[in-house]
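For the sequence shown, position 37 (counting from the first letter as 1) is numbered 42 according to the working numbering, and the numbering increases by one without interruption.
Here the structure comes first, spelled out in structure tokens, and everything after it is commentary.
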Amino acid sequence: MNVVITSTLPNCNSLSPSWIDNSSSKLPSGEISRRGSAMFLTRAKSSPDDYHSTLKSLNSRGRFPRKSLGQHYMLNSDINDQLASAADVKEGDFVLEIGPGTGSLTNVLINLGATVLAIEKDPHMVALVSKRFAASDKFTVLQEDFVKSHIRSHMLSILESRSLLDTDPTLAKVVSNLPFNISTDVVKLLLPMGDIFSKVVLLLQDEAALRLVEPALRTSEYRPINILINFYSEPEYIFRVPRENFFPQPKVDAAVVTFKLKHPRDYPDVSSTKSFFSLVNSAFNGKRKMLRKSLQHISSSPEIEKALGVAGLPVTSRPEELTLDDFVKLHNVIARE
């Protein structure tokens with residue numbers, strides 16, 4: 006059995022009655038293409054079930070997507086199916102969903118046999134999904150801001166309870182359609198939880214997804230979060246999701262990214278993760294500087310040059326030139342001195 010975290014959060018402005026009346030059959034048809042190892046959804050297939058259930062839920066409550074919460078609604082059930090598939094959701098899984106919105110992804114997960122715990126900040130959406138899934142014994146929703154919630158405590162409590170019921174204690178998974186403005190915070194919170202989750206599947210802004218997963222050395226896109234991501238996980242860009250699949254339509258496309266989490270026993274061998282990331286962040290604070298300059302508050306320039314040499318790195322190294330392994334070697338040399 007797997008435990009899964011998943012989420013559908015909207016990013017919209019208003020819902021026009023004329024748009025509802027005139028567009029119910031006008032969602033684009035679907036087609037899948039590939040570029041290298043990544044799969045891209047180039048056009049979306051219409052989904053009467055998700056589309057109509059979304060509109061029905063909105064109309065029944067008189068609610069509209071809240072721009073302040075970065076809310077947007079997924080109108081294509083094929084994409085929800087692919088999100089669940091990327092996480093390998095199956096019968097008996099436990100799913101934590103971040104921001105269920107109107108419950109379109111929740112419905113897919115429950116239909117696959119998963120039990121869902123949803124974390125939702127918007128009280129109106131909490132009431133909506135509570136009513137929608139009131140007859141199901143596989144759904145619970147908590148009204149909380151995920152970024153501020155004690156997710157580790159929630160998950161450990163649930164996993165311990167399921168273990169007492171002789172449930173197979175397989176690690177959890179995460180699948181989430183996130184508001185673009187909190188995606189980095191969510192990544193930082195979830196990836197270090199390899200003792201709880203085995204896989205994180207997120208729908209992010211396309212450009213952000215590429216920056217997180219495929220940054221190149223010696224470029225301005227290469228940042229400390231790339232070191233963090235590779236320290237705690239194995240990331241992969243899966244497929245692009247055109248903006249037409251959301252209501253209201255955002256200004257950018259989205260993409261699905263998977264992070265295969267490393268168990269803590271498999272993390273890179275550093276004496277202290279706190280001191281390691283402190284060194285990484287310090288290095289990038291002076292991104293255009295050589296490390297012998299940007300790390301002077303840790304050791305003198307001659308000592309940093311010596312450490313770089315021992316680590317097998319040029320004494321003129323800059324942070325954007327170092328891989329994760331390079332930073333690990335440098336940290337361990339400095340930590341021993």
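C-beta atoms are modelled at their ideal positions from N, C-alpha and C, and glycine is treated no differently.
Interface flag, residue i vs chain D, CB-CB below 8 Å
i          : result
lysine 193 : Considering every chain present, this structure includes no chain D. It has just one protein chain.
Burial state of residue i (16 or more Cβ within 10 Å)
i             : result
leucine 147   : exposed
serine 257    : It should be noted that the sequence gives valine, not serine, for residue 257. Classification for valine 257: exposed.
aspartate 127 : buried
lysine 334    : buried
threonine 107 : buried
alanine 221   : exposed
lysine 31     : In this predicted model, lysine 31 has a pLDDT of only 34, less than 50, meaning its place in the structure is not dependable; the value taken from the coordinates is given anyway. Lysine 31 is exposed by the Cβ-count criterion.
serine 158    : exposed
alanine 49    : At alanine 49 the pLDDT is 36, less than 50, meaning the model places this residue with poor confidence; the figure from the coordinates comes in the next sentence. The residue is buried, with at least 16 neighbouring Cβ atoms inside 10 Å.
alanine 260   : buried
Short Cβ contact (8 Å threshold) for residue i with residue j
i                 : j                 : result
glutamate 326     : arginine 223      : yes
serine 299        : asparagine 290    : yes
valine 262        : proline 247       : no
valine 285        : isoleucine 232    : yes
histidine 268     : glycine 199       : yes
phenylalanine 138 : threonine 111     : yes
valine 206        : leucine 88        : yes
methionine 160    : alanine 177       : yes
isoleucine 124    : phenylalanine 151 : yes
leucine 266       : lysine 204        : yes
phenylalanine 202 : leucine 195       : yes
isoleucine 243    : alanine 91        : yes
phenylalanine 252 : leucine 80        : yes
isoleucine 303    : serine 322        : no
alanine 316       : glutamate 342     : no
glutamate 96      : leucine 117       : yes
aspartate 86      : valine 113        : yes
leucine 208       : serine 181        : yes
arginine 293      : valine 320        : no
Backbone secondary structure at residue i - three-state DSSP
i                 : result
threonine 111     : helix
isoleucine 230    : helix
lysine 126        : coil
phenylalanine 138 : coil
threonine 189     : helix
alanine 312       : helix
leucine 318       : coil
methionine 198    : coil
serine 305        : coil
valine 131        : helix
serine 203        : strand
leucine 208       : strand
valine 121        : strand
Straight-line gap, residue i to residue j (C-alpha atoms, nearest Å)
i                 : j                 : result
valine 275        : glutamine 210     : 32 Å
leucine 318       : serine 188        : 33 Å
serine 82         : serine 109        : 8 Å
leucine 329       : glutamine 301     : 21 Å
phenylalanine 144 : asparagine 337    : 46 Å
isoleucine 309    : leucine 183       : 41 Å
glutamate 226     : proline 324       : 12 Å
valine 94         : lysine 136        : 24 Å
phenylalanine 307 : isoleucine 230    : Checking the sequence, you will find proline at residue 307 rather than phenylalanine. The straight-line gap from Cα to Cα measures roughly 28 Å.
aspartate 348     : lysine 153        : What the structure shows of the chain is the stretch from 6 to 342, and residue 348 is not part of that stretch, so it cannot be assessed.
arginine 167      : aspartate 271     : 25 Å
arginine 245      : glutamate 212     : 10 Å
proline 53        : phenylalanine 264 : Because proline 53 sits at a pLDDT of 43, beneath the cut-off of 50, its placement in the model cannot be relied upon, and the following sentence gives the value as read from the coordinates. Computed Cα separation, rounded: 31 Å.
alanine 340       : leucine 164       : 36 Å
arginine 40       : proline 197       : Confidence in arginine 40 is poor, its pLDDT being 38 and thus under 50, which makes the residue's placement unreliable; the coordinate value appears in the next sentence. Spanning the two alpha carbons is a distance of roughly 30 Å.
serine 162        : proline 105       : 21 Å
glutamate 249     : leucine 215       : 20 Å
proline 273       : histidine 129     : 43 Å
isoleucine 84     : glutamine 254     : 15 Å
Limits of the unbroken beta strand (DSSP E) element including residue i
i              : result
arginine 245   : 238–246
isoleucine 103 : 99–103
asparagine 250 : Taken as a continuous stretch (DSSP letters only), asparagine 250 belongs to no beta strand (DSSP E), as it is neither H nor E.
serine 181     : 177–182
leucine 222    : From DSSP, leucine 222 is part of no beta strand (DSSP E); its letter is neither H nor E.
lysine 95      : Counting along the chain, lysine 95 falls outside any beta strand (DSSP E), and DSSP gives it neither H nor E.
leucine 266    : 259–266
Endpoints, alpha helix (DSSP H) assigned at residue i
i             : result
threonine 278 : 278–290
leucine 147   : First-last for leucine 147: 144–148, but that is the beta strand (DSSP E), not the alpha helix (DSSP H).
glutamine 87  : 82–91
alanine 214   : 211–218
lysine 334    : 329–341
leucine 296   : 296–299
Near the ligand ADP: residue i beta-carbon under 7 Å from a heavy atom
i           : result
leucine 233 : In the structure on display, the ligand ADP does not appear, and there are no ligands present to speak of.
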